[in-house]
Structure formats: structure tokens, C-alpha cells
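Every position in the sequence shown, counted from 1, becomes a number in our numbering once 1234 is added. Even glycine gets a Cβ: it sits at the ideal position worked out from N, Cα and C.
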Amino acid sequence: MSVSTPERKRVRHPLPPARWPTREEVARSRWFSPITLGTRLVAAERTWVPAMVPWRATDDGFVTEDVLAWYARFAEGEPGVLVVEATGIRDIPSGPLLRIGDDRFLPGLARLVDTVREKSHGRTRLFIQIIDFLTVRRRPEPEKYFARYLPITDALRVQLALWLDDKRWREAPEDEVRRFLREADRVTLETVLTDRELEALDYGYRERVWDLHLPWIRELPRVLPALFAEAARRAQAAGFDGVELHYAHAYTMASFLSRLNTRTDGYGASLDGRVRLPLEVLRAVRARVGPDYVVGIRYLGDEVVEGGSRVEDAVWFGVRFAEAGVDYLSVSKGGRFEDAKQPKVGEAVYPYTGESGSECMPTVFSDARGPFGRNVCLAAAIRRALRDAGHATPVVTSGGITTFEQAEAILERGEADCVAAARQSLADPDWFRKIRLGLGHLVRRCEFTNYCEGLDQRHKQVTCKLWDRKLDPTDPSVTLASDGRRRLLPPPWEPPAER
Ligand SMILES: Cc1cc2nc3c(=O)[nH]c(=O)nc-3n(C[C@H](O)[C@H](O)[C@H](O)COP(=O)(O)O)c2cc1C
Ligand code: SF4
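#1: Distance check for Arg1404 and Ser1238, CA to CA, integer angstroms please.
#2: What separation, rounded to the nearest whole angstrom, lies between the Cα atoms of Asp1475 and Thr1349?
#3: Quick check on this structure: which residue in Thr1597, Ala1654, Pro1385, Arg1357 has the alpha carbon closest to the alpha carbon of Pro1248?
#4: Can you tell me where the alpha helix (DSSP H) with Arg1603 in it begins and where it stops?
#5: If you follow the beta strand (DSSP E) that Val1529 is in, where does it begin and where does it stop?
#6: For the pair the region 1536–1546 and the region 1478–1492, tell me if three or more CB-CB distances fall below 8 Å.
#7: At a cut of 8 Å, does the region 1291–1305 reach the region 1363–1376 through at least three beta carbon pairs?
#8: Any heavy atom of ligand 1 closer than 8 Å to the CB of Pro1284?
#9: Can you round the beta-carbon distance between Leu1479 and Val1529 to whole angstroms, since I take them to be within the 8 Å contact cut?
#10: Spatial neighbours of Val1283 within its chain, please: C-beta separation below 6 Å, excluding the five flanking residues on both sides.
#11: Is the region 1510–1522 close to the region 1447–1464, with three or more CB pairs under 8 Å?
#12: Helix, strand or coil: which one does DSSP assign to Leu1673?
#13: What residue range does the beta strand (DSSP E) around Glu1319 cover?
#14: Please state the DSSP three-state secondary structure of Ser1716.
#15: For Ala1661, which of Ala1650, Leu1723, Val1579 has the nearest alpha-carbon?
#16: Buried or exposed for Glu1319, please, with buried defined as at least 16 other CB atoms from any protein chain shown within 10 angstroms of its CB.
#17: Could you tell me the distance, in whole angstroms, from the CA atom of Lys1668 to the CA atom of Arg1345?
#18: Thinking Ala1615 and Ile1635 are a contact (beta carbons under 8 Å), I'd like their distance in whole angstroms, please.
#19: Whole angstroms are fine: how far does the CA of Gly1580 sit from the CA of Arg1721?
#20: Beta-carbon within less than 6 Å of Gly1535's beta-carbon, same chain only, minus the 5 sequence neighbours each way: which residues are those?
#21: Please find out if some non-hydrogen atom of ligand 1 comes closer than 8 Å to the beta-carbon of Met1595.
#22: Using 10 angstroms around the beta-carbon of Val1245, count the other beta-carbons present and answer buried if the total reaches 16, otherwise exposed.
#23: Does the beta-carbon of Ala1556 have 16 or more other beta-carbons within 10 angstroms, so that it is buried, or is it exposed?
#24: Within this structure, are the beta carbons of Arg1351 and Leu1271 separated by less than 9 Å?
#25: Look up Tyr1305 in the DSSP assignment and say whether it is helix, strand or coil.
#26: Output the distance between the C-alpha atoms of Ala1558 and Glu1514, rounded to the nearest integer angstrom.
#27: Counting along the chain, where does the beta strand (DSSP E) carrying Thr1281 start and finish?
#28: Compare the Cα-Cα distances from Tyr1437 to each of Glu1417, Leu1396, Pro1376 and report the closest residue.
#29: Using the C-alpha atoms, what's the distance from Cys1698 back to Ala1715?
#30: Looking only at its own chain, which residues have a Cβ that is under 7 Å from the Cβ of Pro1407, when we skip the five neighbours before and after it?
#31: Given a cut-off of 9 Å, decide if Leu1673 and Glu1730 are closer than it, judged by their beta-carbon atoms.
#32: Exposed or buried, which one is Pro1710 when buried takes at least 16 other CB atoms within 10 Å?
#33: When DSSP labels each residue in this structure, what does Ile1644 get in the three-state scheme?
#34: Please report how far the alpha carbon of Val1347 lies from the alpha carbon of Trp1304, in whole angstroms.
#35: Which ranges does the beta strand (DSSP E) cover as unbroken runs of at least 3 residues, wholly within the region 1615–1640, from first to last along the chain?
#36: Helix, strand or coil for Tyr1685, going by three-state DSSP, please let me know.
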């Protein structure tokens, strides 16, 4: 499916030209001016590095030396706010993603906090994004799918009997049904399998929050508030300045907010139903961490999938979150599973492909509007509605921000309160520091062609093509990625000595 318009012919866009400010201009600027988040936490600047998963945790979710080194490198640029990657709230195996679902993760997370404090000289406020996600399996070998995974139901037998015009299939033994399907042609499969069974064959099995026939999905509203609240308590105990509830992209909470959420138990269908669990989670978290701890939400200004939520929904949700006392709203876009590209056999579907994926992390190959600041209008609409409703809740925007002037203009026009940059900060984590020092001309500029995202897609350690091959093999201080070919961290940078 596509929600594209006829103007969506893709062309390569040049990077926006940058006129970098002098030190004095920076000192007077909005982007580099302080902001209060929540009741009393002051961020020294409105510069912001949003969550990015770098695939550096251990397989059982612990902080590693590589995780510390990654965040240390961002901290050296001293952004106003740095948000640690999506971190799982459950204590379940989830590959090399950070976890916060048990107290045994606390010592590692506390070291992460100490590292960022030290490397940023206490200037960077550190939040952690906390996430829940549902099961997504890899696309199976068709042989295995028919031999093992596909449940052979009476409904399937009835479909076979109808399609083959042979009543005998209503009673056919499971083995025979499996054997038949393994050899069946595509038309037969498309006729007898349900949409979800076909999807499990072609893309891999994937749960939905509206799968009420599954007891653990039915139970989500009962279990998630406590899981999020406990994770937030641990974040507070580890010393983070705040938590960010991950209500964006392809994951559980965004799916509750989605217009596609058809749950019939009071947690779906209407706007009130869809926002109910996200509000219950927010309240549970707030009750656990107290009134002064920063609790933010990252959510979608537009899902960019057919039948999904649009900016009108996001505006309405934003006001509800503000009424419920959220301390900031960070607005993202797209990144849903519904329109994701078909994965190869053995790989899992990746939500940053397809139309909604390219809206989430837009590249220079874009339609006439181009990738730069493309999502700002969503943040602006939400912010306007908040202010009209009397809420001063700060709004964070991101998506294709790569120059000082872009960020400054967004703030000047009142479209957002903080301006975040993910890939530009990955390309050059020192860029805020360089700008602050009046050395903007030294910024290594992101090219927005998504090499880093390709690594993320394959769950490989994320690096940037602008620095990962800048290797001196004789330098013992350089840590290499597990493939032995890329440096894991950007080269160090120090300002040139003043003359
Ligand atoms: C490698 C990578 C990992 C990401 N991981 C997360 C994540 O854990 N949570 C999240 O909300 N967004 C994640 N994002 C999305 C970014 O936070 C950001 O919204 C997106 O890249 C667009 O901003 P940009 O144009 O400044 O890069 C990730 C992006 C990249 C490139
Ligand atoms: S790999 Fe490409 S898109 Fe990613 S940060 Fe580097 S230059 Fe930007």
C-alpha cells in the first residue's frame, strides 16, 4: 500500500548549504539556550540527540564497554539532552538490545549515567527510552512453515474442501494437509490460507495488539503499566535524569494509539479507547517516579500507513498526554510494519523500509519536498494545539536536521521547543561542540544516504560511512566492529590550538 501523492517522484537533493554562526551568535541563539523540562530539570541547551540503537549490548541485554564508549562519544559533544536507545522493559531474551526489566541491569546502567556525566562535564541531561514490543518472527523457509509452524485448523480444512471440491478434506489427517500445502501452487495458497497465515509465510509471523484471541495480548493492559513503572523506577535509581516512553514507530504502545487498533475491550477502536492504555502507563510511571522526575513521550505525528493515524489523531493525543502531566513530547513519523518491504527468507521484517520507513529516516532520495526538516510541520501542529489548550509542554522535533540555521529557524517560528538530530550527530558527535566554538566549518556533515540504517536493519553494530573506514591499523586505541573492518567509534576530535 502507499499513501503517496502524485508528486512523490524521487530525486536526489543536495545538502542544504550551511552558514555557521560565530561564537557570539551561538551565545545569543535559541538552540543553544536553556530550557526547563518538567518541574525543575534545566537542560543547558535545546540541542538534542534522540534515541538510536547501536547494537552494542550483550546478548542478554547488559551494558558493555562498547555501549559506554558509544555514549561517551556523544556526551563529548555536550548536547543539551541525550536519549539512550530503546531499552526493553521485560526480562526476556531480545538479542543485543539494552534491557531494564530487572534490578540486575542497574549497575551497568548506573555506569552509563556516570560515563555521560563525566564526559559531558555534567552538561548533558541523560534520558533513557523504554520500550515494549511484540513477537516478530523471521520469514520462514516455506518447507518448515508447512511442516511445523502453520496451525492446521478445521477452518483451513473447510477451505481446502471447498477449493478442491472434495469433502474428504474436512476430515483429512494433519500430515496429509501439511504435505498437500507444501506442494500447492500459489493460487491455492492464496485461496485457502487466511491473510494472516499468508503473511506469516511471506513476511514471518507477527503479533498485533488487537490479537485478542492470544491470552498474553489480551492481558497487555493489565501488565504493561506495572512493567513500564518498574522500568522507570530503575531508570531513576540508576541516576538517569528522566525516562522517555517509547510510543512511536512499530512497537506495542504506538500500535495501541493506531487507528488500526480494533480491540473491542475498551482499549481500541475509538480515540478514547486507543489512548487509554498509553495514559494508564503514563499515570503508573508518574505515580512510581514522583512529580519531579522527567517523563517524556516519543510518539508519531503521522503513521504514514493506509488506515493509520494521521496528524489530527496525534494532535488530540498530544493534548491528552499534556493534561496527564507528560513533561515533553518528542514527535517522530512513520516507521511502521504495515508497509514494510518483504524480508529475505531467514530475516525479519524491518519497519524502516517502505513509505512509512522512509518518512521516519528520510534520505536525500526524496520527493519534491526533500528530506530536510520534513517532519517539522507535525511537531508544529501538535505544539500549536497544546498552546491553544493552555499547556506549555515542550515539543521536540527531528528528521533531516543538519544545520544550525535550520534548527534556529524552527525555534524562531515557534514550531518546536527543542531540535533533535540523530544521523547528523552520528556522523559527527562533536558537531554541537564545534558550532559552540564557532568552528562550524569543521562539522562532518551527514549525507543522508542511510548506510547506518542498513547496518541497523541487519542488527549489525551501527557506524557511519564517513568515519568507519578511517583506520590506522597500527593504532591500538581503535576498537573495531566484530567484522574487523570498521572502526566502532568516530575519530577523536579536539579543537585546534588557538593562535
Ligand atoms: C541507527 C538508528 C537507530 C535508531 N533507533 C531508534 C530508537 O531506538 N528509538 C527511536 O525512537 N528512534 C530511533 N531511531 C530514529 C531516530 O531517533 C530519528 O527519529 C530518525 O533517525 C530521524 O532523525 P534524523 O533525520 O535526525 O536522523 C533510530 C535511527 C537510526 C539511524
Ligand atoms: S552513515 Fe550516512 S546517513 Fe548514516 S550518519 Fe553516516 S552519513 Fe549520515
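On the basis of the coordinates in this document:
#1: With a pLDDT of 47 at Ser1238, under the threshold of 50, the predicted position of this residue should be treated as unreliable, though the coordinate-derived value follows. Near 44 Å, if we compare the C-alpha coordinates of Arg1404 and Ser1238.
#2: 14 Å
#3: Thr1597
#4: Arg1603 -> no alpha helix (DSSP H), and no H or E assigned at all.
#5: 1528–1534
#6: The region 1536–1546, when compared against the region 1478–1492, does touch it at the 8 Å Cβ threshold.
#7: no
#8: Of the heavy atoms belonging to ligand 1, at least one sits nearer than 8 Å to the Cβ of Pro1284.
#9: 7 Å
#10: Phe1308, Pro1313, Leu1316, Ser1659
#11: yes
#12: It is coil, neither helix nor strand.
#13: 1315–1322
#14: coil
#15: It is Leu1723.
#16: buried
#17: 27 Å
#18: That pair is no contact at about 18 Å.
#19: 28 Å
#20: Val1545, Ala1548, Val1565, Lys1567, Leu1612
#21: yes
#22: exposed
#23: Counting C-beta atoms within 10 angstroms of its own C-beta, Ala1556 has 16 or more neighbours from the protein chains shown and is therefore classed as buried.
#24: Cβ distance not < 9 Å, so Arg1351 and Leu1271 don't count as in contact.
#25: helix
#26: 9 Å
#27: 1281–1283
#28: The option with the nearest alpha carbon to Tyr1437 is Pro1376.
#29: 12 Å
#30: none
#31: A small correction: the amino acid at residue 1730 is Pro; Glu does not occupy that position in the sequence shown. Taking 9 Å as the Cβ cut-off, Pro1730 and Leu1673 qualify as a contacting pair.
#32: exposed
#33: Ile1644 falls in the helix class under three-state DSSP.
#34: Distance between the alpha carbons of Val1347 and Trp1304 is about 12 Å.
#35: 1629–1631
#36: helix
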